[in-house]
Amino acid sequence: MTPKIQSVRGMNDILPDEAEFWDLFEETIRSWLKSYGYRPIRLPIVEPTPLFKRAIGEVTDIVEKEMYSFVDALNGEALTLRPEGTAGCVRAAIQHNLVAQQPQRLYYMGQMFRHERPQKGRYRQFHQVGVEALGFSGPDIDAEQILMGARLWGDLGLDGVALQINTLGQAAERTRHRAELISYFEQHGELLDEDARRRLHSNPLRILDSKNPALQEIIRGAPRLIDHLGAESMAHFESVQQVLRDAGQPFEINPRLVRGLDYYNLTVFEWVTDRLGAQGTVCAGGRYDGLVQQLGGKSVPACGFAMGVERLLTLLREAGGETTAAAVDVYLVHQGSAASRLAVRVAEGLRDQGIDVLFHCGGGGFKAQMKKADASGANFAVIIGDDEAEAGEVTLKALRANGEQPNEQKRVSVDGLADAIMGSILDWEES
Numbered sequence: 000m001t002p003k004i005q006s007v008r009g010m011n012d013i014l015p016d017e018a019e020f021w022d023l024f025e026e027t028i029r030s031w032l033k034s035y036g037y038r039p040i041r042l043p044i045v046e047p048t049p050l051f052k053r054a055i056g057e058v059t060d061i062v063e064k065e066m067y068s069f070v071d072a073l074n075g076e077a078l079t080l081r082p083e084g085t086a087g088c089v090r091a092a093i094q095h096n097l098v099a100q101q102p103q104r105l106y107y108m109g110q111m112f113r114h115e116r117p118q119k120g121r122y123r124q125f126h127q128v129g130v131e132a133l134g135f136s137g138p139d140i141d142a143e144q145i146l147m148g149a150r151l152w153g154d155l156g157l158d159g160v161a162l163q164i165n166t167l168g169q170a171a172e173r174t175r176h177r178a179e180l181i182s183y184f185e186q187h188g189e190l191l192d193e194d195a196r197r198r199l200h201s202n203p204l205r206i207l208d209s210k211n212p213a214l215q216e217i218i219r220g221a222p223r224l225i226d227h228l229g230a231e232s233m234a235h236f237e238s239v240q241q242v243l244r245d246a247g248q249p250f251e252i253n254p255r256l257v258r259g260l261d262y263y264n265l266t267v268f269e270w271v272t273d274r275l276g277a278q279g280t281v282c283a284g285g286r287y288d289g290l291v292q293q294l295g296g297k298s299v300p301a302c303g304f305a306m307g308v309e310r311l312l313t314l315l316r317e318a319g320g321e322t323t324a325a326a327v328d329v330y331l332v333h334q335g336s337a338a339s340r341l342a343v344r345v346a347e348g349l350r351d352q353g354i355d356v357l358f359h360c361g362g363g364g365f366k367a368q369m370k371k372a373d374a375s376g377a378n379f380a381v382i383i384g385d386d387e388a389e390a391g392e393v394t395l396k397a398l399r400a401n402g403e404q405p406n407e408q409k410r411v412s413v414d415g416l417a418d419a420i421m422g423s424i425l426d427w428e429e430s
């Protein structure tokens with residue numbers, strides 16, 4: 000036998016029943032984002048490798064260990080499957096001069112790729128919804144994006160998702176804090192793990208984000224960035240908090256919240272849950288005012304966040320969220336030469352009227368076709384035999400007890416079929 004080819008580990012197929020659940024989720028997402036004035040942007044999955052090295056930072060787990068990078072054999076260009084979406088969105092805004100026209104509220108949905116050990120909530124191909132606001136300088140956009148998350152959890156019927164916030168201040172403030180961090184961790188050098196020692200002089204702030212239990216006591220005693228912030232940074236952070244208090248949104252200030260990407264400044268936030276084990280962050284983001292200039296554009300303030308789709312759908316499932324298979328309105332049963340020719344015209348005519356039709360293919364007798372009609376979940380079977388075709392009629396049979404008795408059937412003219420179906424559907428909706 001020819002050996003089967005399996006999907007790449009950590010890159011999963013999404014089969015029809017699950018894909019329909021995704022569709023419902025994405026419809027909710029689009030409606031929610033539209034209500035805040037965000038517009039869609041569609042971005043390439045493959046970007047130049049230097050984009051991510053410059054944006055994310057060379058001394059990060061993503062760039063050092065997790066990117067799927069390769070050299071294009073045609074032209075020698077270094078390319079990477081996108082590991083996150085913000086860098087590509089900012090690149091597109093610069094390339095197409097979007098922010099010069101007016102401030103932009105943008106969103107995107109799609110696959111991201113990181114070479115990690117697959118586990119629940121963490122896959123090599125995963126999906127994110129990304130939200131980016133470019134050209135807004137005040138703390139009001141930070142707070143709005145946080146409150147957007149709170150509204151989404153309500154729209155999805157999710158509870159138990161808690162908000163953590165922090166501020167990373169500005170670059171000069173982080174530089175002073177960095178020097179103190181290095182000095183502090185050097186005093187505990189014998190207790191640091193390999194990752195922490197590697198980051199000590201290149202990116203010591205990332206040590207604060209370590210999940211190693213053996214480091215937590217040392218991390219708790221480390222100098223806090225918030226203690227190094229000037230009046231302007233603190234005023235920005237206080238303004239964000241005030242908006243959240245006015246909105247009645249609970250939050251926790253987590254001084255160890257630093258995020259894993261180098262481009263953040265000022266406000267950072269995470270929505271977390273204890274229902275997903277170690278992968279408890281379902282939405283995270285913050286302000287990144289320097290990134291546009293860092294990638295070659297003019298200085299533009301910016302703020303954004305991303306949500307892990309797989310993690311959110313897992314929460315929805317655990318909260319009892321379900322979806323039923325999408326059912327068509329009509330299953331069209333036909334047998335006989337004249338009947339089959341008429342059936343094609345009937346099916347297309349019903350679709351012209353906005354009625355969904357599943358046309359039986361593959362032959363078989365009426366009994367076998369009716370079994371498939373019932374299994375399809377359709378509300379009606381439209382049955383055409385040669386005698387119906389000769390009379391210019393069809394048999395309309397109710398398959399579901401939505402206001403009519405199941406198995407009730409009647410002959411109707413081809414011209415009156417759509418009205419008969421729509422009339423029955425309206426009667427069901429009103430009953």
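Residue 0 is where the sequence shown starts when you use numbering that gives the first Met the number 0, and the numbers rise one by one after that. The beta carbon of each residue, even a glycine, is placed where N, CA and C say it ideally should be.
On the CB-based measure, 16 or more other CB atoms within 10 Å of its CB, does residue i come out buried or exposed?
i	result
aspartate 386	exposed
asparagine 74	exposed
aspartate 158	exposed
asparagine 378	buried
glutamine 144	buried
methionine 233	exposed
isoleucine 4	exposed
glycine 220	exposed
threonine 266	buried
methionine 66	buried
glycine 87	buried
arginine 286	buried
cysteine 302	buried
isoleucine 431	A question about residue 431 goes unanswered here, because the residues of the chain that appear run from 0 up to 430.
valine 239	buried
glutamine 94	exposed
glutamine 352	exposed
histidine 200	exposed
glycine 415	exposed
threonine 1	exposed
arginine 173	buried
alanine 246	exposed
alanine 454	Nothing about residue 454 can be reported from this structure: the residues present for the chain run from 0 to 430 only.
serine 412	exposed
leucine 398	buried
glutamate 26	exposed
Quick check: the Cα distance between residue i and residue j, rounded to an integer number of angstroms?
i	j	result
proline 440	glutamine 215	This structure cannot speak to residue 440, because the chain is shown only from 0 to 430.
glutamine 163	arginine 344	59 Å
glycine 376	alanine 326	5 Å
proline 203	alanine 170	14 Å
methionine 306	alanine 342	46 Å
glutamate 179	valine 70	40 Å
glutamine 408	isoleucine 420	12 Å
leucine 312	alanine 161	17 Å
arginine 410	leucine 275	55 Å
leucine 228	glutamate 269	21 Å
glycine 168	histidine 235	9 Å
phenylalanine 304	leucine 191	31 Å
aspartate 12	valine 281	21 Å
glycine 363	leucine 349	23 Å
aspartate 139	proline 300	13 Å
alanine 283	aspartate 328	41 Å
glutamate 317	methionine 10	22 Å
arginine 123	isoleucine 55	18 Å
alanine 367	aspartate 16	24 Å
isoleucine 40	serine 182	44 Å
leucine 207	leucine 97	36 Å
threonine 272	glycine 295	37 Å
glutamine 186	proline 212	19 Å
leucine 395	lysine 370	16 Å
Using beta carbons (cut-off 8 Å, strictly below), is residue i in contact with chain B?
i	result
alanine 230	The structure shown contains no chain B, having only a single protein chain.
For my contact list, residue i and residue j are in at a C-beta cut-off of 8 Å; report their separation, rounded to the angstrom.
i	j	result
leucine 80	isoleucine 44	6 Å
serine 209	alanine 230	Incorrect: roughly 31 Å between the Cβ atoms, too far for contact.
valine 291	valine 130	No, valine 291 and valine 130 are not in contact; Cβ-Cβ is about 16 Å, not under 8 Å.
alanine 338	isoleucine 383	4 Å
arginine 205	valine 257	7 Å
threonine 166	isoleucine 217	The Cβ separation is near 22 Å, so there is no contact.
phenylalanine 365	glutamine 334	6 Å
tyrosine 330	alanine 372	4 Å
tyrosine 107	leucine 155	Not confirmed; about 19 Å, so no contact.
histidine 126	valine 308	4 Å
serine 68	threonine 48	5 Å
Which runs of the beta strand (DSSP E) fall wholly inside the region 282-362 and span at least 3 residues, in chain order? Secondary structure in the region 282-362: the beta strand (DSSP E) runs of 3 residues or longer, each lying completely within the stretch, are 301-307, 329-333 and 356-358 in chain order.
Check whether the region 17-25 and the region 111-125 are in contact - that is, three or more C-beta pairs closer than 8 Å. Between the region 17-25 and the region 111-125, the count of C-beta pairs closer than 8 Å stays below three; the two stretches do not touch.
Going residue by residue through the region 97-134, where are the continuous alpha helix (DSSP H) segments of at least 4 residues, counting only ones entirely within it? List check, alpha helix (DSSP H) in window: 97-100.
Should the region 129-136 be called in touch with the region 88-103, which here means at least 3 C-beta pairs below 8 Å? These segments touch.
Note down, one range per segment and in chain order, each beta strand (DSSP E) of at least 3 residues found wholly within the region 13-54. The region 13-54 is shown to contain whole beta strand (DSSP E) runs of 3 or more residues at 45-47, in chain order.
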